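First the structure, in the form of C-alpha cells, and then the observations on it.
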Amino acid sequence: MPKSTSLKIQTIFGSPLRIVISLFFSFSLFGAPLSLKNTPYFHPNASVNIVIFYTTWCPPCQRSLALLGTVQKAHPEIALHRICVDDAQNQKKAVPYGLGQSIPIILIADHSGNVVKRFSALPDHSILNALIQRLEEGRLENGTLPADQRLDTWKMNRKGM
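Just so you know, we're using my numbering here: the sequence shown kicks off at 947 and counts up by one.
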C-alpha cells in the first residue's frame, strides 16, 4: 500500500494560522483598529509607543534594535518596548500583533495607544523620525495626515503647478 503524504506549511514560529494573522496590518481579527492601550506595551505618559518583536539570532532584528535605540535617544519622550520572541510563551503573546513569518515586527502607536504604522522590515531612519515627529505634533491619522490636511496639501500642490 502506498504511503499517504500530507502537505505541510512550515513557518518560522509554528502553525499555519499565524500566516493568516500576520496578514492583518493595523486591525484585529474583528476588524477593529489594533490598539496597545490595554496591554503591557502601552505607556500612557509617552507621546509615542514603539514595540519591537525580535529574536536574538536575526541580523535585521539587531539592526532594528540599534536604530530604535538611536531614535529613542533623539526622542526621549517615546516609550520603546523590546520583546524577544525566542521562546514559545512570548511568541504566543506576539501573534495578535502580526507575528508570523517575518521578524522583526515594529509597531508604532500614538499617545492613545492606537497603532498607526506596522513595519515588518528595518525602516529607514528618516522615515521613522518623520513619523515620530508627526505623531508628536498630532498630525497623523492611521499613519497618514488627517483627511482635511491631505486635502489642503493637495490643493496647495495643485495651485503651485
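Think of the CB as a built atom: it goes at the ideal place given N, C-alpha and C, for glycine as much as any other residue. As the structure is a computational prediction, the values presented were derived from the model and not from experiment.
_Residues near Leu-1081 in its chain [Cβ-Cβ closer than 6 Å; skip 5 each side]_ = The count along the sequence shown starts at 1 and reaches residue 1081 at position 135. Val-994, Asp-1056.
Review point. Is the stretch 979-990 touching the stretch 1000-1017, taking contact as three or more C-beta pairs under 8 Å?
Key: no
Between the CA atoms of Pro-1050 and Ala-992 - distance to the nearest angstrom
Sequence index remark: in the sequence shown, residue 992 carries index 46 (1-based). Sequence index remark: in the sequence shown, residue 1050 carries index 104 (1-based). Between Ala-992 and Pro-1050, the C-alpha separation is close to 22 Å.
| Between the C-alpha atoms of Cys-1007 and Ser-1066, what's the straight-line distance to the nearest angstrom? | Within the sequence shown, numbered from 1, the residue matching residue 1007 stands at position 61. Within the sequence shown, numbered from 1, the residue matching residue 1066 stands at position 120. Cα to Cα, Cys-1007 sits roughly 10 Å from Ser-1066.
Would you mind stating whether Ile-1073 and Ile-1024 have Cβ atoms separated by less than 8 Å? Indexing the sequence shown from 1 puts residue 1073 at position 127. Indexing the sequence shown from 1 puts residue 1024 at position 78. Cβ distance not < 8 Å, so Ile-1073 and Ile-1024 don't count as in contact.
Backbone CA spacing between Ile-1052 and Val-997 [nearest angstrom]
For this step, residue 1052 is matched to residue 106 along the sequence shown. For this step, residue 997 is matched to residue 51 along the sequence shown. Looking at the two C-alpha atoms, the distance is approximately 6 Å.
| query | Can you give the Cα-Cα distance for Ile-967 and Gly-1059, rounded to whole angstroms? | reply | Sequence index remark: in the sequence shown, residue 967 carries index 21 (1-based). Sequence index remark: in the sequence shown, residue 1059 carries index 113 (1-based). With a pLDDT of 35 at Ile-967, under the threshold of 50, the modelled position of this residue cannot be trusted; read the value that follows with caution. Here the C-alpha atom of Ile-967 lies approximately 20 Å from the C-alpha atom of Gly-1059.
If you drop the 5 nearest sequence neighbours on each side, which residues of the same chain put their C-beta closer than 8 Å to that of Ala-1020? Numbered from 1 along the sequence shown, position 74 holds the residue referred to as residue 1020. These residues qualify, in order along the chain: Asn-1075.
Nearest to Leu-1011 (by Cα), restricted to the options Glu-1083, Leu-1068, Ala-1040: Taking the first residue of the sequence shown as 1, we reach residue 1011 at position 65. Closest option to Leu-1011, Cα to Cα, is Leu-1068.
**Q.** Cβ neighbours of Leu-1013 in the same chain (closer than 8 Å, five flanking residues each side left out)
**A.** By 1-based counting over the sequence shown, the position of residue 1013 is 67. The residues are Leu-1068, Pro-1069, His-1071, Leu-1074.
Going by alpha carbons, who is nearest to Ser-981 out of Val-1061, Val-1017, Arg-1009?
Position 35 of the sequence shown, counted from the first residue, corresponds to residue 981. Taking only the C-alpha atoms, the option nearest Ser-981 is Val-1061.
Looking only at C-alpha atoms, which of Arg-1009, Arg-1064, Val-1017, Leu-1026 sits nearest to Tyr-917?
Residue coverage of the chain in this structure runs from 947 to 1107, which leaves residue 917 outside it and unanswerable.
Val-1017 in three-state terms, based on DSSP:
One-based indexing of the sequence shown puts residue 1017 at position 71. In this structure, Val-1017 counts as helix in the three-state DSSP scheme.
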